[in-house]
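Have a look at the structure below, then the notes.
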Amino acid sequence: MAALVGSLGAALLCMVGNFTAGKPKYKSVEKDVKEILAEADKLKESLFVLIREDIEAYEKFSRASQMPKDTRLMREKRKQVLQKTLKKAAEVPWRISQASLQVIELAEKLLPKGNSNLITDVGVGILLAEAALKSAVLNVKINLSFIKDEEYKNRRSRALEDILSQASQIKDGVLKAIQEEMDG
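Sequence positions in the sequence shown follow full-length UniProt numbering and run 1 to 184.
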């Protein structure tokens, strides 16, 4: 569901872009807004595709979990397949977290250029993207906890912390700017 929430965040940015582009008041930023709109639309679609990929990755893991373990050879094969499917199961939410960060970055770009009547929609878009990112991070972490490849786990864990930090900084700045704008 993280990908769906991220897709909704991107869709809100698309809405703001669509209500900005073509308006005489925003003529000076129209080119930038259209670029942001195109990027947000691409991310919305990518995240939507990741919904299906996430389901498929879980189904593969679930099937691997049900592999027979009657003999040592069967247990060994099952273990190998489980590790492979766990990495795939971690990879999809990893990509969701990256796409969600991109939605957050787009919200930051859109805020000063988008329709000023829709700044709170940019805020809601960034909050949805943050929720998607944090949900995806949780999903990556639970999968990492079962993966035996320590180098892979450490690399991913460090990258997750970086993504969370970047997202939080951007989100805080955008929400502060929105609040200041509303306060007049």
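Heads up, the beta-carbon is just placed ideally off N, CA and C, and yes, glycines get one too.
| Item | Value |
| --- | --- |
| Quick check on the DSSP output: the alpha helix (DSSP H) that includes Y26 runs from which residue to which? | That residue, Y26, is in no alpha helix (DSSP H); it is neither H nor E in DSSP. |
| Can you grab the Cα-Cα spacing for the pair A2 / R52, in whole Å? | 12 Å |
| DSSP three-state label for N117, please. | helix |
| Answer yes or no: do V92 and L50 have a C-beta to C-beta separation smaller than 9 Å? | yes |
| Evaluate contact between the segment 29 to 47 and the segment 137 to 153, counting only Cβ atoms and requiring at least three cross-stretch pairs below 8 Å. | no |
| Determine the direct distance from the alpha carbon of E151 to that of L86, and round the result to whole angstroms. | 15 Å |
| By how many angstroms is the C-alpha of L73 removed from the C-alpha of S165? | 44 Å |
| Alpha carbon to alpha carbon, what distance is there between V81 and D172? | 41 Å |
| Output the residue ranges of the alpha helix (DSSP H) runs that lie fully inside the segment 96 to 174 and measure 4 residues or longer, sorted by chain position. | 119 to 144 |
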